[in-house]
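Residue numbers (numbering that gives the first Met the number 0), protein chains in the order written: chain A, 0 to 259; chain B, 0 to 292; chain C, 0 to 313.
Written below as structure tokens is the structure these notes are about.
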Amino acid sequence: MSALLEVDGLSVGYPGGVRAVDGVSLALPAGGALVLLGESGSGKTTVARTVLGLPGRGAAVTGAVRLAGTDLRALDERALCDVRGRRIGYVPQDPGASLDPLRRIGPQIAEVLRRHGSATGRRAARAAVPGLLATAGVPDPERVARAYPHELSGGLRQRAAIALAICCGPELLIADEPTTALDALVRGRILDLFGALRADCGIALLLVTHDLAVARRIGGTVAVMRAGRVVELGPAERVLHRPDHAFTAALVAAEPGARR
Amino acid sequence: MSTPWLRRNLGLAVPGTLAVLLVLLALAAPLVAPYDPAAGRLADRLLDPGSPGHPLGTDGQGRDLLSRLIWAGRASLTGGLVPVTVATVAGTLLGITAGLGGRLTEQALLRALDVLYAFPGVLLAIAVASLLTPGLGATVLALSVVLTPAVARVAFTEARRIRSSEYLEAARVSGAGRGALVLRQVAPVVAPVVLVYASSLVGLAVVYAAGLSFLGLGVAPPTAEWGAMLDELRPALLTHPWVAVLPALVILAVSVVFNTLGEALRTRVGDGAAHLPRAVPAATRRAAEQVVR
Amino acid sequence: MTGFLLRRLLPAVPTLLGVTAVVFATVALVPGDPVAAFLGPGAPPEARRELAERLGLDQPLPVRYADWLGHALTGDLGTSVSGQRPVVDLLLPALGQTLVLTAAAFLLVLVGGVALGALGALRPRGPGGRISGALSTLAVSAPQYSVALLLIAVFAVGLRWLPAGGTHDVFGSGGPADLARHLVLPAVAAALVPLGLTARVFRAALGTVLAGELADSLRARGLRPAAVLRHCVHNASPALLTIGGLQLAYLLEGVVFVETLFAWPGIGRLLYDALTARDLPLVQGGVLVVAVAFVGVNVLVDAAHAAIDPRVRI
Numbered sequence: 000m001s002a003l004l005e006v007d008g009l010s011v012g013y014p015g016g017v018r019a020v021d022g023v024s025l026a027l028p029a030g031g032a033l034v035l036l037g038e039s040g041s042g043k044t045t046v047a048r049t050v051l052g053l054p055g056r057g058a059a060v061t062g063a064v065r066l067a068g069t070d071l072r073a074l075d076e077r078a079l080c081d082v083r084g085r086r087i088g089y090v091p092q093d094p095g096a097s098l099d100p101l102r103r104i105g106p107q108i109a110e111v112l113r114r115h116g117s118a119t120g121r122r123a124a125r126a127a128v129p130g131l132l133a134t135a136g137v138p139d140p141e142r143v144a145r146a147y148p149h150e151l152s153g154g155l156r157q158r159a160a161i162a163l164a165i166c167c168g169p170e171l172l173i174a175d176e177p178t179t180a181l182d183a184l185v186r187g188r189i190l191d192l193f194g195a196l197r198a199d200c201g202i203a204l205l206l207v208t209h210d211l212a213v214a215r216r217i218g219g220t221v222a223v224m225r226a227g228r229v230v231e232l233g234p235a236e237r238v239l240h241r242p243d244h245a246f247t248a249a250l251v252a253a254e255p256g257a258r259r
Numbered sequence: 000m001s002t003p004w005l006r007r008n009l010g011l012a013v014p015g016t017l018a019v020l021l022v023l024l025a026l027a028a029p030l031v032a033p034y035d036p037a038a039g040r041l042a043d044r045l046l047d048p049g050s051p052g053h054p055l056g057t058d059g060q061g062r063d064l065l066s067r068l069i070w071a072g073r074a075s076l077t078g079g080l081v082p083v084t085v086a087t088v089a090g091t092l093l094g095i096t097a098g099l100g101g102r103l104t105e106q107a108l109l110r111a112l113d114v115l116y117a118f119p120g121v122l123l124a125i126a127v128a129s130l131l132t133p134g135l136g137a138t139v140l141a142l143s144v145v146l147t148p149a150v151a152r153v154a155f156t157e158a159r160r161i162r163s164s165e166y167l168e169a170a171r172v173s174g175a176g177r178g179a180l181v182l183r184q185v186a187p188v189v190a191p192v193v194l195v196y197a198s199s200l201v202g203l204a205v206v207y208a209a210g211l212s213f214l215g216l217g218v219a220p221p222t223a224e225w226g227a228m229l230d231e232l233r234p235a236l237l238t239h240p241w242v243a244v245l246p247a248l249v250i251l252a253v254s255v256v257f258n259t260l261g262e263a264l265r266t267r268v269g270d271g272a273a274h275l276p277r278a279v280p281a282a283t284r285r286a287a288e289q290v291v292r
Numbered sequence: 000m001t002g003f004l005l006r007r008l009l010p011a012v013p014t015l016l017g018v019t020a021v022v023f024a025t026v027a028l029v030p031g032d033p034v035a036a037f038l039g040p041g042a043p044p045e046a047r048r049e050l051a052e053r054l055g056l057d058q059p060l061p062v063r064y065a066d067w068l069g070h071a072l073t074g075d076l077g078t079s080v081s082g083q084r085p086v087v088d089l090l091l092p093a094l095g096q097t098l099v100l101t102a103a104a105f106l107l108v109l110v111g112g113v114a115l116g117a118l119g120a121l122r123p124r125g126p127g128g129r130i131s132g133a134l135s136t137l138a139v140s141a142p143q144y145s146v147a148l149l150l151i152a153v154f155a156v157g158l159r160w161l162p163a164g165g166t167h168d169v170f171g172s173g174g175p176a177d178l179a180r181h182l183v184l185p186a187v188a189a190a191l192v193p194l195g196l197t198a199r200v201f202r203a204a205l206g207t208v209l210a211g212e213l214a215d216s217l218r219a220r221g222l223r224p225a226a227v228l229r230h231c232v233h234n235a236s237p238a239l240l241t242i243g244g245l246q247l248a249y250l251l252e253g254v255v256f257v258e259t260l261f262a263w264p265g266i267g268r269l270l271y272d273a274l275t276a277r278d279l280p281l282v283q284g285g286v287l288v289v290a291v292a293f294v295g296v297n298v299l300v301d302a303a304h305a306a307i308d309p310r311v312r313i
């Protein structure tokens, strides 16, 4: 079978000889879930950003990234722009820093809808916004659409950011530590929302986290990363309970409240 | 001294050397200047640059311009460097007092500084200097008043920052006296930041000092001073433009040297908002600092 | 709306009181005895006392300040010593001329500063960034009087392209084209320092936004580079506005030199003439008007800031 997302022998280097990602290969089926688990600096965020075609200034990338058979690395910047936001949605770590603080939520979503042709005309785009916010689990979407980001709670902001990421009906959602900035109660609900989006809309999820509890809750496949390499790859059940690799075992053992 | 060291520090070394040379040249004026700066021959008046015996020409009274420009460095650099020194000392003291003092002291000092901020710099200098007898003393006093609030603001921010820091708390708990606290704990932290900021004020102060003399509020003729020379040579602008612009060019060059030096020091230390040379209403400045940071 | 304006204006009141107090202090602290200066030495004590009383000089300082402030608020800034005319009558027409010059210079500051700053922010490591940095340092270091003299020497005396001074051609018919010809050189001379500062601040602000999470997430939404840049400029604009308010201070202090050298009949020229004539009431009036204008502009900048940035609205 052919996966929705295929990452093949991906390496990313930065000026100064830093090798952030070193020969990573991953596959994610349509509607599936893949968790990139690792410490900070393990290269997991770089993988996610390179899939988006945004590895950063001066990055040297080798290897292949394919989305439903399309080689993303072969696309020029213009064509990549059409993929981002339409076929791949991105949920950032800190919605407080990634939503435009000077504009209301509604127009920000409407802008992306019109950019990718998911809505024609100002009026149609604006009318679509509350429904999208509701899909992302926002109560009272009309009010939130009129709000500025700083007027919303952290949880609502992250839901607005998720609505932005899914507004054009992407096949893949990339979420980079989407719950790190949130408190524990809200965290669980946001993770459940990702599950609902997978089940109801068939959106595949690539989630980056350092948190074992998050990885456990998402399920699917887990890829454990360390120093730019994938050291262990497999179903969440097995990797998190009966790890093969010594590093994963250490990670699991170090979790607060772990059974020894 | 290896080559890589020099290359890495070129941005600091070039303007630094030039600044030291400028000061040395002014100090050595009696030795290097070819003519008496105050004596001129009327027969030689308003010679263009490049004239035999007078490489930079002469002024309206036949005085050698090269000699006058060298001698003028004494008054002009004094007018720039002394106020910055005064402002650094006074501003640091005020800033630390406000930063470590009680709420009342802090509010009173900050309010007073805000009022001085509210004046555009040259205007405040004019207001102060117009009360005094024109001279170098008036320049120094007026510019000290203008520059002190800016330094005080920087010192205050620094003192504030370490006031709540743990090691100051630890020193207080261990029973150190107030004076000892300031001397041993606060001053070493505040001083480098203030000194770097002050270095960025020198160019501005030289420009202000010359400006006051140009307006007739600073050094008065016949003493040679760049701003005063600018005013003296102004009538020659239409007939001998290249003579008239000489002091203007010198002030521009000196300003570039000191500003480049200040900037290189600041880049080295990595201070964000200090590049606003003279400060401004507090709220505005705070906003700018946030943006730059 | 009224409440909003009041909240913006009230904090400026103590500052304005302080500013007026400083200006008043320069009146009150003038060395020498004004009564003796007026009547001459050897005047009988009764006459001295009577004059002191008439001038209010027998009152304590706070009372004299309140009195002076009351007059200033009603537009009475005293009489010019040299011109023998009310200071206000001299200041108001000059203020109009200064505003024309300042507006032209401000336009240059905004256009040049934004262009230079954007160049530096978009190419932080390349030659563009170096050029932007060097040019801003040069501009910041260029004293208004030096630039003014150099411009006159090159463009008016040397090349004879533009007039060396004045607001209009005395023999010509005038009109906007003539005014523009007279405006170019003084506006450039007044604009360079603030232009360099604006470029630096805008470069820093835009650079921070472009390197930040917002720009990243805009790109991740698939927005085109032009749209990303537009939103980033929007987010850097509060900094531009803040710095724009400061620039007015530099423009207003620069006009003293620029107007003097270009014979532009504005406040700066008036101040210079007043200084040379030791006409203190006129000096103080001029300083007061400019300082109050400066505080006023900063209140406006604050209000405009709130209009752009919802987080500042209270």
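Think of the CB as a built atom: it goes at the ideal place given N, C-alpha and C, for glycine as much as any other residue.
- Contact between B:GLY217 and B:PRO133 is confirmed by a C-beta separation of about 6 Å, below the 8 Å threshold.
- Proximity to B:ARG73 across B:ARG267, B:GLY52 and B:ALA209 peaks at B:ALA209, based on C-alpha coordinates.
- Counting only runs that start and end inside the stretch 170-217 of chain A, the alpha helix (DSSP H) elements of at least 4 residues fall at 183-200 and 211-217.
- Nearest to B:PRO33 by alpha-carbon distance, out of B:LEU76, B:LEU41, B:LEU68 and B:PRO14, is B:LEU68.
- Distance from the CA atom of A:ASP175 to the CA atom of B:PRO191, rounded to whole angstroms, is 40 Å.
- Non-local beta-carbon contacts of B:SER254 in its own chain, meaning distances under 7 Å to residues more than five positions away in sequence, involve GLY202, VAL205 and VAL206 in chain order.
- Closest in C-alpha terms to A:GLY15, from the list A:LEU51, A:VAL34 and A:GLY57, comes A:GLY57.
- If you check each beta-carbon in the stretch 94-109 of chain A against every beta-carbon of chain C, the ones closer than 7 Å belong to ALA96, SER97, ASP99, PRO100 and LEU101.
- Taken through DSSP and simplified to helix, strand or coil, A:SER10 comes out as strand.
- For C:ILE266, the closest C-alpha among the options C:LEU247, C:LEU222 and C:VAL288 is that of C:VAL288.
- For C:LEU106, there are no neighbours in chain A by C-beta distance under 9 Å, as the nearest C-beta there is about 24 Å away.
- CA-to-CA, the gap between C:ALA138 and B:PRO36 works out to about 31 Å.
- Closer than 8 Å to the CB of C:GLY119 there is not a single CB belonging to chain A.
- With a cut-off of 8 Å on Cβ pairs, the stretch 5-15 of chain A is in contact with the stretch 48-63 of chain A, counting three or more such pairs.
- Under the 8 Å criterion on CB atoms, C:TYR144 is classed as interfacial with respect to chain B.
- In the structure shown, the three-state DSSP call for A:ARG86 is coil.
- C:GLN283 is the residue among C:PRO44, C:ALA42, C:ALA305 and C:GLN283 whose C-alpha sits nearest the C-alpha of C:LEU76.
- Minimum Cα-Cα distance from A:VAL207 among the listed residues A:GLN107, A:VAL221, A:ASP70 and A:ALA78 corresponds to A:VAL221.
- Rounded to the nearest whole angstrom, the CA to CA distance from B:ASP58 to C:HIS181 is 29 Å.
- Nearest to B:ALA137 by alpha-carbon distance, out of B:LEU109, B:ALA263, B:LEU211 and B:GLY261, is B:LEU211.
- The C-beta distance from C:ALA147 to C:PHE261 rounds to 6 Å, short enough to fall under 8 Å.
- Residues of chain C with a Cβ closer than 8 Å to the Cβ of A:LEU163 are, in chain order, ARG220.
- The DSSP-derived three-state label of B:VAL88 is helix.
- Ranked by Cα distance from A:GLY116, the first of A:GLU141, A:LEU101 and A:CYS80 is A:CYS80.
- At a cut-off of 8 Å between C-beta atoms, C:GLY211 counts as an interface residue with respect to chain A.
- In summary, B:ASP47 is exposed, with fewer than 16 beta-carbon neighbours lying within 10 Å of its beta-carbon over all protein chains present.
- Closer than 8 Å to the CB of A:ARG125 there is not a single CB belonging to chain C.
- Taking all protein chains shown into account, A:THR49 has 16 or more neighbouring C-beta atoms within 10 Å of its C-beta and is therefore buried.
- In the DSSP annotation of this structure, the continuous segment of the beta strand (DSSP E) that includes A:PRO234 starts and ends at 228-234.
- Taking 8 Å as the cut-off, the beta carbon of B:LEU251 is found closer than this to the beta carbon of C:PRO142.
- Shown here for A:ARG158: same chain residues with a beta carbon closer than 6 Å to its own, the five before and five after excluded, namely ALA135, GLY136 and VAL137 in chain order.
- Taking 8 Å as the threshold, the shortest C-beta distance from B:LEU109 to chain C does not fall below it.
- The three-state reading of DSSP puts C:PRO44 in helix, counting H, G and I together.
- If you draw a straight line from the Cα of C:ALA210 to the Cα of C:LEU217, it comes to about 12 Å.
- Within the stretch 134-168 of chain C, the residues whose Cβ lies closer than 9 Å to some Cβ of chain B are THR136, LEU137, VAL139, SER140, ALA141, PRO142, GLN143, TYR144, SER145, VAL146, ALA147, LEU148, LEU149, ILE151, ALA152, VAL153, ALA155, VAL156, GLY157 and ALA163, listed in chain order.
- Per DSSP, C:VAL311 has no beta-bridge partner at all.
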